[in-house]
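Trainee: In terms of our numbering, the sequence shown is residues 1 to 236.
Beta carbons: idealized from backbone N, C-alpha and C, even for Gly.
Structure below; questions to follow.
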Amino acid sequence: MRLAVNIDHIATLRNARGEQEPDPVVAALLAEKFGAAGIVCHLREDRRHIKDHDLARLRQAVTTKLDLEMAMTAELQQIALKTKPELITLVPEKREELTTEGGFNIARHYDVLAEYLKPFNAKGIEVSLFIEPEKKAIDLAAHAGADMVELHTGAYAQKKLDEVRAVELNRIREAAVYARSLGLKVVAGHGLNYLNISPFKDIVEIEEVSIGHAIIARAVLTGLEEAVREMLRIIQ
Ligand code: PXP
């Protein structure tokens, strides 16, 4: 299983003082060096962590795979087409949320989604949709022309009781199997950490996990090398 590292919170820390450090681009390069197969960043509407100039510099620097998480807006579509990341991930976005809450509601956007995705398909930029692990959402993602789905693991991560967590894990497993059967690539993310990640390595349909907060939080205390390598040790 591959690991994509989300470096948004390196920018959160930098922005706390309005200075230049720590630099998310340096973090991205180090994460790649220590084994990350991709770098993820989310350019939010309020630019609370990653800024436009970070994205431009990340595009120059990242040599593995750059995944731009974004809301489905005209502004972000333009920025993404200009930046040309290898992958975009459409996520729902509310200004007031602390982090991405819930999956992207494909049904709500279905009529315009295929049209929105066309220029990405034309430029060879892969498209992933961040969705709840549900059959209906997977069907819609496949029909809308997505290449990939990212299964939302937030509900799994939040559950404290083993039995309840097992139910959520099973939902994710079944969704992964179903999405693969429709020819979609499958990744997973949100709320994953060093304590809850290990069952994922047995779900062979999930090619990659996308992890941010847990890795950056650990890196603050132990360094990015230890934080990335320890996560890789668990998932591989
Ligand atoms: N995947 C998606 C689509 C996200 O929006 C986020 C949060 O930015 C993550 C993965 C990473 O979540 P976490 O920071 O909890 O690891």
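Can you tell me whether S210 sits near the ligand PXP, meaning its C-beta is under 6 angstroms from at least one heavy atom of the ligand?
Mentor: Indeed, a heavy atom of the ligand PXP lies less than 6 angstroms from the Cβ.
Trainee: A188 lies in the beta strand (DSSP E); which residues open and close that run?
Mentor: Residues 185–189.
Trainee: Could you tell me which of R180, K159, E75, E45 sits nearest to N196, measuring between CA atoms?
Mentor: It is K159 whose Cα lies nearest to the Cα of N196.
Trainee: How is I88 classed by DSSP in three states: helix, strand or coil?
Mentor: I88 falls in the strand class under three-state DSSP.
Trainee: My output table needs one value for D23: the three-state DSSP class, helix, strand or coil.
Mentor: Coil.
Trainee: Alpha carbon to alpha carbon, how far is R171 from K185? Give it in angstroms, no decimals.
Mentor: C-alpha separation (whole angstroms): 17 angstroms.
Trainee: Could you tell me the alpha carbon to alpha carbon distance between I79 and Y194, rounded to whole angstroms?
Mentor: Their Cα atoms are separated by approximately 34 angstroms.
Trainee: Whole angstroms are fine: how far does the CA of V167 sit from the CA of H53?
Mentor: Their Cα atoms are separated by approximately 42 angstroms.
Trainee: Closer than 6 angstroms to a non-hydrogen atom of the ligand PXP - does that hold for the CB of H109?
Mentor: No, since every heavy atom of the ligand PXP falls outside the 6 angstroms radius drawn around the Cβ of H109.
Trainee: Buried or exposed, going by whether 16 or more other CB atoms sit within 10 Å of the CB of H49?
Mentor: Burial call: buried.
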